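Asker: Counting the sequence shown from 1 gives a position; the numbering used here is that position plus 20. Cβ atoms here follow ideal geometry from the backbone N, Cα and C, with glycine treated the same way. Being a predicted model, the structure only gives us computed values, none of them experimental.
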Amino acid sequence: MFEASDIREWRGHDVVDADGHKIGTLESVYVDTTTDQPFFATVIVGLPTRRRLVFVPLTGATVGPGYLKVAHSKDRVKKAPAIDPDGELSAAEEPSVFAHYELTYTPGSGGERRLGRR
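#1: With a threshold of 16 other CB atoms inside 10 Å of the CB of P85, please say whether the residue is buried or exposed.
#2: Do you know whose CA, among V83, D104, V76, lies nearest S93's CA?
#3: According to DSSP, what are the bridge partners of D52?
#4: Go ahead and label R134 buried or exposed: buried means 16 or more other beta carbons lie within 10 angstroms of its beta carbon, across all protein chains shown.
#5: Buried or exposed: where does D104 fall if 16 or more other Cβ atoms within 10 Å of its Cβ makes it buried?
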């Protein structure tokens with residue numbers, strides 16, 4: 021897996037599913053604020069006039085020459101919660117991203133956000 025600090029090197033590369041089907045293009049990485057480790061990526065999908073950013077977990081992801089391969093199917097990723105290309109994930113929307121992939125969501129002890137964009 022790549023480090024969140026290396027996002028400039030990977031931004032714009034293809035994101036593919038386990039079968040090698042292109043899902044979209046890597047836009048950014050969201051880290052788990054409790055560990056500062058990469059946890060989700062946002063992937064640009066859609067037509068040029070209707071682009072959106074979908075979230076995909078980085079657990080089990082691998083990198084190859086010019087691509088990031090994720091462990092989830094293209095269909096599942098494209099149905100994931102999304103934001104506008106210039107949008108931000110609100111704190112209220114965080115639980116739905118985790119729920120889509122059947123991941124446990126636990127906010128910080130003071131209710132603070134779990135994801136931070138890098």
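Answerer: So, to answer that:
#1: Residue burial annotation: P85 is exposed, with fewer than 16 other C-beta atoms found within 10 angstroms of its C-beta.
#2: V76
#3: Q57, L135
#4: buried
#5: exposed
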